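Working notes, structure below.
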Amino acid sequence: MVRGAETVSGQQSFLKSVRYKGEQEIRFRTRPILDTYEDGLDYLASHLPRYSRMFSEPAVKRDGAGELSTIAWYSDEAGQIQAWGSLDQTNKVRVAAVLRAFLSDLLDCVRRTNDEQAKMLVCWLNILSFDDDLIVVNGHPIFTNWGIVPAGGADYTDKLAHHLLHGLGQFLPEDYDASQLAMMMIGDPVSSQKEAGQRPDNGQEQPPADALDPVAQKPADIDSLNSDVSKLAFGHAGDQTRAGRTGPPHGAAPDGLETKESDRRSACWLPVLIACIVALLLLLLMLVPGFLVYPGTSGASALLTDGAIRQSEQALLTRIGDLKSQLSQRTCVAPPVAAAPPLSEQLSPQSKDKPKEALPSATAVVDVVPLLEAATVLVVASDSKANMSSGSGFFVSPDKIVTNRHVVEPAKNGQVLVVNKALGGARRGKVIATSSSKEFGEQDYALIQMLGEPAKRFLPVALKSDKGQQIYAAGFPAIFMETDEHFIKLFAGVVTAAPDMVLTQGIVTVFQDSPSGNKLVLHSADISPGNSGGPLADTCGRVVGVNTFIKTSTEQQMRLNFALKSDSLLSFLKANGVTLQPEDTSCSPQMPRAQAGK
1 MVRGAETVSG
11 QQSFLKSVRY
21 KGEQEIRFRT
31 RPILDTYEDG
41 LDYLASHLPR
51 YSRMFSEPAV
61 KRDGAGELST
71 IAWYSDEAGQ
81 IQAWGSLDQT
91 NKVRVAAVLR
101 AFLSDLLDCV
111 RRTNDEQAKM
121 LVCWLNILSF
131 DDDLIVVNGH
141 PIFTNWGIVP
151 AGGADYTDKL
161 AHHLLHGLGQ
171 FLPEDYDASQ
181 LAMMMIGDPV
191 SSQKEAGQRP
201 DNGQEQPPAD
211 ALDPVAQKPA
221 DIDSLNSDVS
231 KLAFGHAGDQ
241 TRAGRTGPPH
251 GAAPDGLETK
261 ESDRRSACWL
271 PVLIACIVAL
281 LLLLLMLVPG
291 FLVYPGTSGA
301 SALLTDGAIR
311 QSEQALLTRI
321 GDLKSQLSQR
331 TCVAPPVAAA
341 PPLSEQLSPQ
351 SKDKPKEALP
361 SATAVVDVVP
371 LLEAATVLVV
381 ASDSKANMSS
391 GSGFFVSPDK
401 IVTNRHVVEP
411 AKNGQVLVVN
421 KALGGARRGK
431 VIATSSSKEF
441 GEQDYALIQM
451 LGEPAKRFLP
461 VALKSDKGQQ
471 IYAAGFPAIF
481 METDEHFIKL
491 FAGVVTAAPD
501 MVLTQGIVTV
511 FQDSPSGNKL
521 VLHSADISPG
531 NSGGPLADTC
541 GRVVGVNTFI
551 KTSTEQQMRL
561 NFALKSDSLL
571 SFLKANGVTL
581 QPEDTSCSPQ
591 MPRAQAGK
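Residue numbers (the UniProt record's numbering): 1 to 598.
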């Protein structure tokens with residue numbers, strides 16, 4: 001839910017206040033991490049200034065035992081705030097790009113400089129509840145409840161790593177994982193001697209253990225960790241202190257002194273060892289000749305006669321042949337059409353008020369997938385507050401793109417970006433026409449004029465489509481874009497990056513009339529938010545509908561995919577000066593003719 005940030009004294013804004021009941025504050029070199037705010041802010045300002053406002057300022061109150069009681073969180077950013085858990089997919093992708101860049105830059109500082117303050121900032125990366133405590137103010141991510149974990153979460157690296165995986169750990173660079181980050185955050189051993197410089201039973205003073213830096217970790221360190229784990233598994237004493245770390249180099253622990261961590265590790269590894277032994281015995285049994293041979297024949301096995309087996313094989317071979325034939329028909333021949341006029345005539349205005357465009361239909365031989373990839377675009381719109389939204393669209397001429405009105409409605413002054421690989425990245429576009437409504441079943445259309453060099457390929461439109469006909473849905477659904485590296489780069493400002501188009505396949509299930517009389521195509525090709533405005537095409541590459549909305553029924557566990565049929569699209573285009581030559585025959589896929597001599 002979006003809510004406003006309350007402005008307080010100065011230029012700071014109050015974000016929220018939290019009362020704590022047992023949550024644990026991370027410590028860095030025995031120092032409570034929230035007490036390091038000023039030092040960390042100075043480091044960010046001097047080394048990573050673009051991220052200096054990413055962490056909110058805590059006003060901390062502790063109880064008599066020094067444990068957290070309440071914290072009020074403040075920020076220099078003012079405006080509407082939204083929690084990560086309530087962001088839509090498009091805005092999550094934008095914020096994720098910022099988080100990845102921040103983690104990469106911070107860990108690069110640790111790697112290059114081994115600076116203590118950089119390591120201290122790593123301890124800030126624990127967020128109590130990622131969905132609720134990462135907030136976005138005017139598009140900028142800000143952390144609250146940083147440096148805090150659930151009760152017991154800071155005692156062991158495995159717990160800390162598990163917590164990180166549900167937070168910032170999912171945005172780590174490829175050369176780091178949550179376990180490494182957790183080990184880097186651990187500052188002192190979990191034992192009865194928690195305070196720095198406390199003397200154990202042998203009378204020797206031991207300093208607090210430093211956090212383990214995965215960059216400086218040597219192969220010998222890894223070997224020692226493995227060997228110590230093996231000792232624990234077989235019940236031998238080890239020098240473990242915390243989360244599998246070797247003991248401090250100043251001397252081994254006295255005989256008979258066992259930490260809680262050692263007991264817990266032993267208890268964890270013993271069942272695993274037993275399971276491995278059982279699995280090994282089963283594997284050896286399977287190697288005994290005849291062990292896996294089933295006992296004597298039963299009455300059911302008599303049904304598997306030679307004749308029945310031959311019939312089953314023949315049925316499978318026939319089905320395989322049918323599938324191969326269908327696969328070969330991806331390349332198809334569209335019905336013959338009259339020759340198209342020259343491009344200059346197609347684009348010549350037919351009236352002073354509305355330029356008319358007479359465009360060609362499908363080419364004689366069409367390879368559907370490359371055509372859809374070249375002619376389908378990602379449409380990105382940004383409002384006056386820099387909030388981004390995206391959908392899909394497709395070329396109906398070298399410089400005209402069709403999409404849904406609801407995709408471009410947020411666009412400031414009608415300015416949008418259109419993106420695909422065939423264009424070489426992002427291009428500017430201008431919304432030049434929209435339908436009068438975007439309601440269910442209405443003509444939810446928009447027409448975009450792309451600027452610059454025209455596109456090389458565009459889609460013809462077909463009036464004829466049949467129930468049961470095979471179709472493709474092409475577009476850029478948000479759920480796929482969230483993990484597309486090119487989409488993430490695009491939203492990070494790389495204008496040459498273009499995400500991959502997503503293609504799904506299905507059939508036309510039924511035709512319906514909307515309450516306003518527009519024809520609707522219901523189909524089985526999966527679509528989701530982000531597919532809006534994308535083409536629904538037949539196997540000849542012709543547009544039979546524009547994907548617009550979905551409808552789900554939780555009671556019946558049904559999901560319906562709706563496209564506006566091409567009839568209303570042609571009417572909209574004609575009313576706005578674009579006249580196409582639609583095809584009114586069914587798509588009849590054929591094998592392309594072999595060239596002479598082949």
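Yeah, the Cβ is synthetic: ideal placement off N, Cα and C, and Gly gets one too.
Note that the structure is a prediction, hence the values are computed from the model and not measured.
Cβ-based neighbour list, residue i, same chain, cut-off 7 Å, excluding 5 preceding and 5 following
i: P141; result: M54, V95, V98, L99, L134
i: P515; result: G441
i: D63; result: S69
i: L103; result: L168, F171, L172, P173
i: L580; result: L359, V396, V461, L570, L573
For residue i, three-class secondary structure by DSSP
i: Q180; result: helix
i: H523; result: strand
i: S397; result: coil
i: V494; result: coil
i: F458; result: coil
i: D175; result: coil
i: L87; result: coil
i: F487; result: helix
i: E453; result: coil
i: T113; result: helix
i: S528; result: coil
i: E583; result: strand
i: S390; result: strand
i: S466; result: With the sequence shown as reference, residue 466 is identified as Asp, and Ser is not the correct amino acid for it. In this structure, D466 counts as coil in the three-state DSSP scheme.
i: V98; result: helix
i: Q443; result: coil
i: S382; result: strand
i: A154; result: coil
i: L417; result: strand
Unbroken alpha helix (DSSP H) run spanning residue i, endpoints
i: E23; result: Run containing E23: none; DSSP gives neither H nor E here.
i: N413; result: Element bounds for N413: n/a, residue is neither H nor E.
i: L160; result: 157 to 165
i: I479; result: 478 to 481
i: S566; result: 566 to 575
i: D131; result: 130 to 133
i: V407; result: 405 to 408
Nonlocal neighbours in the same chain, by C-beta distance under 8 Å from residue i, ignoring five residues either side
i: I479; result: Q89, S528, P529, G530
i: D513; result: K519, L520
i: P410; result: A381, S382, D383, N387, S389
i: E77; result: A5, S13, R53, V137, N138, H140, I142
Beta-carbon proximity check, residue i vs residue j, cutoff 8 Å
i: L372; j: Y445; result: no
i: G414; j: V431; result: yes
i: A537; j: M501; result: no
i: I550; j: L564; result: no
i: Y43; j: L107; result: no
i: V461; j: V418; result: no
i: A455; j: D399; result: yes
i: K464; j: S586; result: yes
i: A151; j: G22; result: yes
i: G425; j: G533; result: no
i: A83; j: D131; result: yes
i: T509; j: L490; result: no
i: L459; j: P370; result: no
i: S46; j: L15; result: no
i: L165; j: M185; result: no
Residue-chain proximity (residue i, chain D), Cβ-Cβ < 8 Å
i: S514; result: Looking for chain D here will not work: only one protein chain is present.
Residue i, enclosing beta strand (DSSP E) - first and last residue
i: R19; result: 13 to 19
i: V368; result: Run containing V368: none in the beta strand (DSSP E); it sits in the alpha helix (DSSP H), 368 to 375.
i: R428; result: 425 to 434
i: D513; result: 502 to 513
i: G475; result: 470 to 475
i: A537; result: 535 to 538
i: P499; result: First-last for P499: undefined, no H or E at that position.
i: I142; result: 140 to 143
Sequence-distant residues of its chain with Cβ nearer than 6 Å to residue i (five each side left out)
i: R428; result: L451
i: V408; result: A381, V416, V431, A446
i: S588; result: none
i: P32; result: E25
i: I71; result: V18, P58, V60
i: L125; result: L168
Point to revise | Contiguous alpha helix (DSSP H) assignments of at least 4 residues, all confined to the region 30 to 80 | key: 37 to 47
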